[in-house]
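Only one structure is covered here, and it is reproduced in the block below.
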Amino acid sequence: MLMTITKEEYKKRVIRFENLVADRAAFIDAKTPGSDKKENYTIIGPGVSESSNRVINLEEAHGFNFGAAAMPNGIKNSLHSHLTAEVFIVAKGTWRFFWGIDGTEGEAILKEGDVFSIPTLIFRAFENIGADDGFLYCILGEDNPGKVTWAPQVLRAAEGHGLVLLEDGRLIDTTAGQEVPVDGKVVTPISEEELSKVPKISAEEMSKQIFRFQDRVPHQESYLDCRLPGGAKKSYGILGEGMAEAVDRPSLLNNKHAFTFELVEAELGNGFHPFKQSTKQVVFVQKGEWKISLGENGEEGEVVLKEKDIMSIPTDVYRRIESVGKETGFLFIINSGDDRPKLEWAPEVVSAARKTGLYLNENNRLLEL
Ligand SMILES: [Fe+2]
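Going by our numbering, the first residue of the sequence shown is number 1493, and it counts up by one from there.
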């Protein structure tokens, strides 16, 4: 039976890096000297942007929100906290993250391919310390990630620069002629009492929240198809189990984020044989080029994703995911929810895998015959 997805639906799920739309006034600090020149991107889901001008590439709810920030050297994103998980992925450049109510509790330097999950409630900020423009992807947990809580000094510093943040999350840009509505309540800083409840975390503790690309330790046989021609790949568990079928693949963090996250590495012509799943899945390219073919034999269409391109793969559709670039490919995979999605492999993959000595038990765990 042919798939029900139309080419039109398929296309809107492919989000090219060049089609991301920057918002230069997404947050209250957007005009504060030192924090201006930020570009924020709301890519999948509404995110936490305070701007009414934002463009969302794909509005459909995924159980998480996917966004990005681009900043030139020396520009800071101000101290703030979230009630849901916030995970950063460095796509380009070198970044200094720092945290604590005044930003001095600790810091960490992140490079390309590094991933950082910052615990909820902690006030966090970051700056581009690389030689040129930097680019970060950011995932927030849940469909509704709530509002940003700004450190009190951030709200004070923003005063007089023309932006006013209301309790309902709206950002009013008075320099653009917008007016604070008569019924609008301006955000007041978090109280001393609430500030005293914010947990503290040392740099050493926080280092456990960071996936260092350079120090990555591969897991070789995580999936049913791993011994088939074109199925060789290394995988790295970062948040939760991801979709790994092997029971022994470790993961950096196992606490709940509302999504799971993993990295896959493959050489030319390798990747995932066709499988489908009922869970929402978003992939984005860290390095190389990746071809996504839909349908058991690619009959539903295919697309080649380049660096920083993103795709939300339709649910319940077979997908082959293949590294097709000359250099080693690295692909990040986000799956909605904390539970491991059940991969349903194309029937010929299951029978071919059996000949390589591998099968899945009733719990979808990988076993040797
Ligand atoms: Fe944030």
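For each residue, glycine too, the CB sits at the ideal point set by N, CA and C.
By the Cβ-count criterion, S1683 is exposed, with fewer than 16 other Cβ atoms from all chains shown falling within 10 Å of its own Cβ. T1524 is positioned such that its CB atom lies no closer than 9 Å to that of H1572. Shown here for R1616: same chain residues with a beta carbon closer than 6 Å to its own, the five before and five after excluded, namely W1591 and I1610 in chain order. Here DSSP, grouped into helix, strand and coil, assigns Y1810 to coil. In this model, P1637 and W1587 are separated by some 24 Å (Cα to Cα).
In terms of Cβ geometry, G1817 and K1779 form a close pair [threshold 9 Å]. If the five residues before and after I1825 are omitted, its C-beta is found closer than 8 Å to the C-beta atoms of G1734, M1735, F1753, E1754, L1755, V1756, Q1773, V1774 and V1775, all from its own chain and listed in chain order.
Per DSSP, S1785 is not a residue of any alpha helix (DSSP H); the beta strand (DSSP E) it occupies stretches across W1782 to L1786. Taking 8 Å as the cut-off, one finds no heavy atom of ligand 1 near enough to the beta carbon of H1749.
The straight-line gap separating the alpha-carbon atoms of T1666 and A1553 is approximately 32 Å. For K1568, the enclosing beta strand (DSSP E) has its first and last residue at K1568 to S1573.
The stretch 1622-1636 and the stretch 1707-1726 do not touch, with fewer than 3 CB-CB distances between them shorter than 8 Å.
Within the stretch 1714-1790, the complete beta strand (DSSP E) runs of at least 3 residues fall at 1726-1731, 1743-1745, 1751-1758, 1763-1768, 1773-1779 and 1782-1786.
Looking at the DSSP output, D1594 sits in no beta bridge, so it has no partner there. Taking 9 Å as the cut-off, the Cβ atoms of V1547 and V1513 count as close.
Taking a C-beta distance under 9 Å as the contact criterion, S1770 and P1833 qualify as a contact pair. In the three-state scheme derived from DSSP, where H, G and I count as helix and E and B as strand, S1843 is classed as helix. Shown here, V1513 sits in coil according to DSSP, grouped into three states, outside any helix or strand. Cβ-Cβ distances below 8 Å link D1801 to V1506, I1507, R1508, F1509, F1776 and V1777 in the same chain, with the five nearest sequence neighbours on each side left out; the list follows chain order. Residues with their Cβ less than 6 Å from any non-hydrogen atom of ligand 1, running along the chain, are H1572, H1574 and E1578. Burial of D1521 is indicated by the presence of at least 16 other C-beta atoms within 10 angstroms of its C-beta. V1709 and Q1701 have their C-alpha atoms roughly 16 Å apart.
Remark: C-beta atoms of T1848 and L1720 approach each other more closely than 9 Å. In terms of Cβ geometry, A1695 and L1628 do not form a close pair [threshold 9 Å]. Contact between the stretch 1578-1587 and the stretch 1673-1687 is absent: fewer than 3 CB-CB pairs across the two stretches fall below 8 Å. Bounds of the alpha helix (DSSP H) holding E1686 are E1684 to S1688. Following the DSSP letters along the chain, one finds E1697 inside the alpha helix (DSSP H) bounded by residues A1695 to S1699.
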